[in-house]
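First up is the structure itself, then whatever we jot down about it.
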Amino acid sequence: MKPLPFVIDDRLAAAGDTCPLAGHLDESGYELGDHEFSLPEGIDYDLVLTNAGEGILATGLVRAHVVGTCDRCLEDAEFDVAGEVDGYYLFEEPERLGEDEDEADYELVAPDNTIDLSVALLSALVMDTPFVVLCREDCAGLCPVCGANLNDGDCGHAAQIEAQREADRLESSPFSALAGLDLGASEGDDSANE
Ligand SMILES: [Zn+2]
Ligand SMILES: [Zn+2]
7 MKPLPFVIDD RLAAAGDTCP LAGHLDESGY ELGDHEFSLP EGIDYDLVLT
57 NAGEGILATG LVRAHVVGTC DRCLEDAEFD VAGEVDGYYL FEEPERLGED
107 EDEADYELVA PDNTIDLSVA LLSALVMDTP FVVLCREDCA GLCPVCGANL
157 NDGDCGHAAQ IEAQREADRL ESSPFSALAG LDLGASEGDD SANE
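Residue numbers (my numbering): 7 to 200.
Rendered as structure tokens:
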């Protein structure tokens, strides 16, 4: 992702000062694990920057229309994300970290008094990106035999596989050997009636 620098100016000079920051970024896409996502309409963000005393807090929302690939049928899968931004930029490197603090929880304000908001925006997008990407919730996926997209229609293989499974099940059943036997029950009944 391209950097999104913001200059800390007089509006944020004192602790408690806040400054709204909204805008649009023409970002083309991002990656997450094995997934690649494109952003045909870029990213919109709506933030509030706050001077929190020891640093600048960036909170708000990032929104985007995302196009990825369906995990089941490999066609395009489109969805909207609205991620909560939570960025923290310290004025100075802390002398020592508290027990609960992690270096990854903050960045530093650069010597030229700027912060780069792109990392916070990207992680907000990633946080709201689904782990499993589907074109629709009930996507039927691809046929394991011929590779046809089952959302477009039934290629017939599913019924064949099901019939084969049923045949295998009957064959392996301990009762299948009995199915062909005449146990002579009717003759027994006849003699009991006499
Ligand atoms: Zn699909
Ligand atoms: Zn098929």
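C-beta atoms are modelled at their ideal positions from N, C-alpha and C, and glycine is treated no differently.
Measure how close the beta-carbons of E42 and K8 come, nearest whole angstrom, since I'm counting them as under 8 Å.
Taking the first residue of the sequence shown as position 1, residue 42 is located at position 36. Taking the first residue of the sequence shown as position 1, residue 8 is located at position 2. 17 Å between Cβ atoms; not a contact.
Please report how far the alpha carbon of V139 lies from the alpha carbon of V54, in whole angstroms.
Numbered from 1 along the sequence shown, position 133 holds the residue referred to as residue 139. Numbered from 1 along the sequence shown, position 48 holds the residue referred to as residue 54. When rounded, the distance between both Cα atoms is 31 Å.
Buried versus exposed, by CB contacts within 10 Å (16 or more), F12
Working through the sequence shown from its first residue, we reach residue 12 at position 6. Label assigned to F12: buried.
Can you name, in chain order, every residue of its own chain whose Cβ lies under 7 Å from the Cβ of E99, other than the five neighbours on each side?
Residue mapping note: residue 99 aligns to position 93 of the sequence shown, counting from 1. These residues qualify, in order along the chain: L114.
Please return the same chain residues whose Cβ sits closer than 6 Å to the Cβ of V72, not counting the five positions on each side in sequence.
Stepping through the sequence shown from its first residue, residue 72 is reached at position 66. Closer than 6 Å at Cβ, skipping near neighbours: F43, F85, V87.
For L123 versus L10, is the C-beta distance shorter than 8 Å?
Reading the sequence shown from its first residue, position 117 is the one you call residue 123. Reading the sequence shown from its first residue, position 4 is the one you call residue 10. In this structure, L10 lies closer than 8 Å to L123 by Cβ.
Distance between A19 and L96 (C-alpha atoms, nearest Å):
For this step, residue 96 is matched to residue 90 along the sequence shown. For this step, residue 19 is matched to residue 13 along the sequence shown. Distance between the alpha carbons of L96 and A19 is about 14 Å.
Among the residues of its own chain, which have a CB less than 7 Å from the CB of E60, if the five just before and after it don't count?
Taking the sequence shown and counting its residues from 1, one reaches residue 60 at position 54. Within its own chain, the residues whose Cβ lies closer than 7 Å to the Cβ of E60, once the five positions on either side in sequence are excluded, are L96, F97, listed in chain order.
In terms of residue numbering, what span does the beta strand (DSSP E) encompassing R69 cover?
The residue labelled residue 69 in the question sits at position 63 within the sequence shown. 61-75 is the extent of the beta strand (DSSP E) around R69.
Any chance you could list the residues with Cβ under 5 Å from a heavy atom of ligand 2, keeping chain order?
C149, V151, C152, A154, C161, H163
Status (buried if at least 16 other CB within 10 Å, exposed otherwise) for G93
In the sequence shown, counting from the first residue as 1, residue 93 sits at position 87. Buried.
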